[in-house]
Amino acid sequence: MLGWIELRNRKCMGTCQSTESVETKGNHDQNVVYVADANRPGSDEDGRRRIASLYSQRGKKGPNQDAVILCQGFGMEDGVFCGVFDGHGKNGHMISKIVRDFLPCLLLSQRNTLMLSDEDSDFTDSTTTSPKDDSEGSPILSPFLFEEWKEACISAFKVMDKELKLQSNLDCTFSGTTAVSIIKQGNYLIIANLGDSRAVMGTISEEGHLEAIQLTTDLKPSIPKEAERIRKSKGRVFALRDEPHIQRVWLPHENFPGLAMARSFGDFQLKHYGVISIPEVSHHQISSKDQFIVLATDGFVGLGCSKQ
Numbered sequence: 001m002l003g004w005i006e007l008r009n010r011k012c013m014g015t016c017q018s019t020e021s022v023e024t025k026g027n028h029d030q031n032v033v034y035v036a037d038a039n040r041p042g043s044d045e046d047g048r049r050r051i052a053s054l055y056s057q058r059g060k061k062g063p064n065q066d067a068v069i070l071c072q073g074f075g076m077e078d079g080v081f082c083g084v085f086d087g088h089g090k091n092g093h094m095i096s097k098i099v100r101d102f103l104p105c106l107l108l109s110q111r112n113t114l115m116l117s118d119e120d121s122d123f124t125d126s127t128t129t130s131p132k133d134d135s136e137g138s139p140i141l142s143p144f145l146f147e148e149w150k151e152a153c154i155s156a157f158k159v160m161d162k163e164l165k166l167q168s169n170l171d172c173t174f175s176g177t178t179a180v181s182i183i184k185q186g187n188y189l190i191i192a193n194l195g196d197s198r199a200v201m202g203t204i205s206e207e208g209h210l211e212a213i214q215l216t217t218d219l220k221p222s223i224p225k226e227a228e229r230i231r232k233s234k235g236r237v238f239a240l241r242d243e244p245h246i247q248r249v250w251l252p253h254e255n256f257p258g259l260a261m262a263r264s265f266g267d268f269q270l271k272h273y274g275v276i277s278i279p280e281v282s283h284h285q286i287s288s289k290d291q292f293i294v295l296a297t298d299g300f301v302g303l304g305c306s307k308q
């Protein structure tokens with residue numbers, strides 16, 4: 001699964017689209033999201049301009065367990081949310097779609113709750129309002145506002161995981177999903193990552209060439225701090241002989257299930273042994289050289305490096 005988002009400024013209406021709802025263009029599983037923008041260079045003959053592409057290709061191992069969503073007008077008029085989710089296990093295809101459908105609303109709900117809490121605590125406008133960046137014409141993301149978004153992301157991911165556990169008709173014991181998401185607010189990005197999917201930015205180098213910058217870390221059991229947390233919780237981390245390059249998470253006394261990521265939604269049996277649903281949250285200021293963001297699941301990332 002691939003999600004592609006253009007970073008050039010534009011006004012967007014408040015809508016959400018997923019691979020089940022966006023316009024399809026061409027003969028491939030390529031879904032292209034357009035916005036009416038007849039006056040901008042690059043608009044097609046219908047006065048539209050592409051702002052995102054969603055691409056998915058079914059593998060040979062059963063149902064496609066990937067899901068993706070794009071929400072325009074997210075948090076502010078020109079705000080954008082995009083998330084890519086990679087399910088795994090018997091019910092991974094259902095879990096990824098549930099997270100796709102509910103996580104954006106949970107993020108906004110947690111963010112609004114924090115804003116109301118700040119107002120009740122009598123924070124002054126100078127504390128909660130970002131100054132203007134005259135060179136870019138959009139608000140600067142202050143440390144306070146980033147921490148607020150970070151807290152909203154962590155809270156929303158926790159609530160989402162609890163909601164999955166309450167689904168009596170859906171077994172998430174050994175099934176789950178990753179999540180990599182981008183929240184664009186003005187010229188700033190908040191990136192929340194859970195698992196081994198990836199966010200990569202295409203930007204223009206000082207030499208004028210397009211180059212790839214990886215915005216996330218693949219949160220796999222091979223990362224020392226992830227493995228340490230799992231082992232402290234009595235989980236085991238090791239690779240199989242026939243795939244020595246892939247570290248996996250196993251139960252304490254059973255060679256099962258062999259999860260290839262250290263953080264995820266679902267996978268509740270492994271939540272007792274160090275697998276967590278807390279995202280890694282970071283931020284990035286968009287410059288005039290930044291062109292687009294690619295969100296990719298492990299299936300695509302595994303085919304090549306970020307540069308490809």
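For the sequence shown, full-length UniProt numbering gives the first residue as 1, with consecutive numbering after it. We put the beta carbon where it would ideally sit given N, CA and C, even for glycine. Please read these numbers as outputs of a predicted model, since none were measured by experiment.
Between Gly-62, Lys-232, Ser-56, Met-76, which has its C-alpha nearest Ile-276's C-alpha?
Lys-232
Using beta-carbon positions only, say whether Asp-86 and Thr-216 come within less than 8 Å of one another.
no
With which residues is Pro-257 paired in a DSSP beta bridge?
Trp-250
Alpha carbon of Ile-204 to alpha carbon of Ile-213, nearest angstrom
10 Å
8 Å Cβ cutoff met for Leu-268 and Thr-173:
The identity of residue 268 in the sequence shown is Phe, whereas the question assumes Leu. Result yes, Cβ atoms of Phe-268 and Thr-173 sit closer than 8 Å.
Bounding residues of the beta strand (DSSP E) (the contiguous stretch that carries Leu-70)
66-72
Based on the DSSP secondary-structure assignment, which residues constitute the bridge partners of Met-76?
In the DSSP output, where bridge partners are listed per residue, Met-76 has none listed.
Taking the Cβ atom as the reference point for each residue, do Lys-220 and Ala-260 lie within a distance shorter than 8 Å?
yes
Alpha carbon to alpha carbon, how far is His-93 from Ser-175?
9 Å
At which residues does the beta strand (DSSP E) containing Arg-236 begin and terminate?
236-238
Could you check what DSSP says for Cys-153 in three-state terms: helix, strand or coil?
helix
Presumed contact (8 Å Cβ cut-off) between Phe-146 and Pro-104, rounded CB distance
No, Phe-146 and Pro-104 are not in contact; Cβ-Cβ is about 19 Å, not under 8 Å.
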